[in-house]
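Student:
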Amino acid sequence: MGARWVLHLDMDAFFAASEQLTRPTLRERPVLVGGLGPRAVVAGASYQARVFGARSAMPMGQARRLCPHAVVLPARFALYQALSARVMAVLADASPVLEPVSIDEAFLEPPALAGAPAAEVERFAARLRADVRAATGLPASVGAGSGKQLAKIASELAKPDGMRVVAPAQEREVLGPLPVRSLWGVGPVAEAGLHKLGVRTIGELAAMDLREVHGLLGTAIGTELHRLARGIDERPVAPRGTAKQVSAETTFDTDLTAMTAVHDAVTRMTEAAHRRLVASGRAARTVTVKVRSADFTTSSRSETAAYASSDLGAFTSVAQRLARAAVPEGGVRLIGVSLAGLTDDPPPALFEALMPAPDAPAAVEEPPSAVAEPAADPERPWRPGDDVAHAEFGHGWVQGAGHGRVTVRFETRSTGPGRAHTFAAEDAALTRADPLASLD
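Mapping of the sequence shown onto UniProt numbering: residues 1 to 440, in sequence order.
#1: From this set, Lys196, Leu9, Ile232, which residue's C-alpha is nearest residue 481's C-alpha?
#2: With a floor of 3 residues, list each beta strand (DSSP E) that falls wholly inside the segment 38-66, ordered by position along the chain.
#3: What did DSSP end up calling Gly185 once you bin it into helix, strand or coil?
#4: Report back the beta-carbon spacing between Leu91 and Ala70 to the nearest angstrom; my notes put them in contact at under 8 Å.
#5: If we count the other Cβ atoms within 10 Å of its Cβ and call it buried at 16 or more, is Gln149 buried or exposed?
#6: Between Pro38, Pro24, Cys67, which lies nearest to Pro30 when the distance is taken from Cα to Cα?
#7: Run through the segment 192-228 for me and flag every whole alpha helix (DSSP H) of 4 or more residues, listed as ranges in chain order.
#8: How would you label Lys290, buried or exposed, when you count the other beta carbons within 10 angstroms and need 16 or more for buried?
#9: When burial is assigned at 16 or more other CB atoms within 10 Å of the CB, is Thr297 buried or exposed?
#10: Do Arg301 and Thr251 have their beta-carbon atoms positioned less than 9 Å apart in this structure?
#11: So what's Lys290 in DSSP terms, helix, strand or just coil?
#12: By the DSSP assignment, the beta strand (DSSP E) with Gly35 in it spans what residues?
#13: So the alpha helix (DSSP H) Leu21 belongs to, where does it begin and stop?
#14: Counting Cβ pairs, one atom from each stretch, are 3 or more of them under 8 Å apart for the segment 311-322 and the segment 258-275?
#15: For a test of the three-state rule: what should DSSP assign to Val408, helix, strand or coil?
#16: Which parts of the segment 79-146 are runs of the alpha helix (DSSP H), unbroken and 4 residues or longer, counting only runs that do not cross its ends?
#17: State yes or no: is the beta carbon of Gly143 nearer than 9 Å to at least one beta carbon in chain B?
#18: In this structure, how does DSSP classify Ile153 when only helix, strand and coil are distinguished?
#19: Indicate whether Ser18 and Leu79 have their beta-carbon atoms separated by less than 9 Å.
#20: Ordered along the chain, which non-local residues of its own chain (more than five positions away) have a Cβ less than 8 Å from that of Gly400?
#21: Put Leu178 into one of helix, strand or coil per three-state DSSP.
#22: Below 8 Å, is the gap between the Cβ of Gly400 and the nearest heavy atom of the ligand MG?
#23: For Met11, list the residues DSSP reports as bridge partners.
#24: Label Val180 either buried or exposed according to how many other C-beta atoms from any shown protein chain fall within 10 Å of its C-beta, with 16 as the threshold for buried.
#25: Determine the burial state of Thr288: buried for a count of at least 16 other Cβ atoms within 10 Å of its Cβ, exposed for fewer.
#26: Less than 6 Å between C-beta atoms, sequence neighbours within five positions excluded: which residues of the same chain meet that for Ala375?
#27: Which same chain residues end up closer than 8 Å to Leu217 when comparing Cβ atoms and leaving out the 5 residues on each side of it in sequence?
#28: Under DSSP, the alpha helix (DSSP H) around Thr431 begins and ends at which residues?
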């Protein structure tokens, strides 16, 4: 068999680019995707926003200070999942050996490229990028090399919207100057240890004596990192294992201090996890509730049954009971619910012998330690980023809302930039719309 070629395809600024695709007015503007609350973080940032220093996983408040003119939108995961499915379908057609890594990236090892010259790999990668753009309308970057590490690094070097093929003769030239943190497995601790020895680049790590690497990082990890630094990466490209759990969690803008609010949040998180469970076609045996207090102390409670099912009511009953045991004194900062012990063949019932009925009084009993919480303000009917349908103007999205008014920009991917109209927030002609209607 000839030389190995692994490709890594990564969608560019996927969440923000998806918003710009389906909301054409935003195509050249800085966009931040994420929440608006004081504890929200950035889920995605367009390249126009990254110029100002905004990036994913940054606190939203910090990103907005860096880029005050950015348009901030809530995430629309249904849209991203639909586009991801199109990307993965293109990749599956291109190669039978495919390893999705996340919603927006994957490794490929096309058997047809084994032993191929770099020029042929470049042609393959160019076609792949063109096919992804044709299927989605979105840009993607592709890297190729002799292993997964090199392919991943090459795709990073190709960004945005580019291609980089690292031939075997170029590996040392490409890897050598990069910081050691670029290698998988080098975290802050390993990086600090290497820096103390004066080792800051991958090339310097590759030049180290293996015994010295073992002394610093241990035999197993040290050997693997030393091999990766020298471009040796034999890890296979293979489909990822089936997820072991499905979960949902949220961090609240203000701490919850009443059990009624906790129960409401647990119900929402259980429903969200249940949707993912049903979408996967499986059932679960274990329910786990995670609670983080105002002082960042995290506690969790779990319950496992002998049989698996996909009964939402039973899941919710268990989650509510577990939440009562997990909630600490004082406020609740975060709540998460996960469903595990997954199987592909659910019997008709879950936890029937163990759990109270969904509407049992115990499920809403408030413990003595709970503190009364003032009633929440009525939910605002519209928020920026919501999808809207109007009988006359078609599909649009909310640009702004407040003081009884809502401004909607009517446009989709196919319409090009659209006009904005302002309505009374209670206007019966405005209805909530499916985000996927903005795609085609």
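From the three backbone atoms N, C-alpha and C, an ideal C-beta is built for every residue, glycine too.
Tutor: The relevant details are as follows:
#1: Past the boundaries of the shown model lies residue 481; the chain is included only from 1 to 440, so the question cannot be answered.
#2: 42-45
#3: Here residue 185 refers to the residue found at position 185 of the sequence shown. Of the three classes helix, strand and coil, the one that applies to Gly185 here is coil, per DSSP.
#4: As a working mapping, residue 91 is identified with position 91 in the sequence shown. As a working mapping, residue 70 is identified with position 70 in the sequence shown. 31 Å between Cβ atoms; not a contact.
#5: Counted from its first residue, the sequence shown places residue 149 at position 149. Gln149 should be labelled buried.
#6: Numbered from 1 along the sequence shown, position 30 holds the residue referred to as residue 30. Among Pro38, Pro24, Cys67, the Cα nearest to that of Pro30 belongs to Cys67.
#7: 202-206, 210-217
#8: Position 290 of the sequence shown, counted from the first residue, corresponds to residue 290. Label assigned to Lys290: buried.
#9: In the sequence shown, the residue the question calls residue 297 occupies position 297. It is exposed - the Cβ of Thr297 has fewer than 16 other Cβ atoms within 10 Å.
#10: Locating residue 251 in the sequence shown gives position 251, counting from the first residue. Locating residue 301 in the sequence shown gives position 301, counting from the first residue. No, the Cβ-Cβ distance between Thr251 and Arg301 is not below 9 Å.
#11: Working through the sequence shown from its first residue, we reach residue 290 at position 290. Lys290: strand per DSSP, three-state reduction.
#12: Here residue 35 corresponds to residue number 35 of the sequence shown, with the count starting at 1. Element bounds for Gly35: n/a, residue is neither H nor E.
#13: Counting from one through the sequence shown, the residue named residue 21 turns up at place 21. 14-22 is the extent of the alpha helix (DSSP H) around Leu21.
#14: yes
#15: Taking the sequence shown and counting its residues from 1, the one referred to as residue 408 is at position 408. In the structure shown, Val408 sits in a strand (DSSP, three-state: E or B).
#16: 118-136
#17: The structure shown contains no chain B; it holds only a single protein chain.
#18: In the sequence shown, the residue the question calls residue 153 occupies position 153. Ile153: helix per DSSP, three-state reduction.
#19: By one-based count along the sequence shown, residue 18 stands at place 18. By one-based count along the sequence shown, residue 79 stands at place 79. Their beta carbons are under 9 Å apart, which means Ser18 touches Leu79 by this criterion.
#20: What you label residue 400 is simply residue 400 of the sequence shown in a count that begins at 1. Only Pro384, Val406, Thr407 meet the Cβ criterion.
#21: If you number the sequence shown from 1, residue 178 lands on position 178. Coil, per DSSP.
#22: Summarising the ligand content, the structure contains no ligands, and the ligand MG is consequently not present.
#23: Looking up residue 11 in the sequence shown gives position 11. Answer by DSSP bridge pairing, in chain order: Ala140.
#24: Counting from one through the sequence shown, the residue named residue 180 turns up at place 180. Counting Cβ neighbours within 10 Å, Val180 comes out buried, since at least 16 surround it.
#25: In the sequence shown, counting from the first residue as 1, residue 288 sits at position 288. Buried, since its Cβ has 16 or more Cβ neighbours within 10 Å.
#26: Here the question's residue 375 lines up with position 375 in the sequence shown. Low confidence applies here, because Ala375 scores a pLDDT of 34, under 50, leaving its location unreliable; read the following figure in that light. Excluding positions up to five away in sequence, the list is empty.
#27: Along the sequence shown, one-based indexing puts residue 217 at 217. Cβ neighbours of Leu217 beyond the five flanking positions: Ala190, Gly193, Leu225.
#28: For this step, residue 431 is matched to residue 431 along the sequence shown. No alpha helix (DSSP H) contains Thr431, which is instead part of the beta strand (DSSP E) from 430-432.
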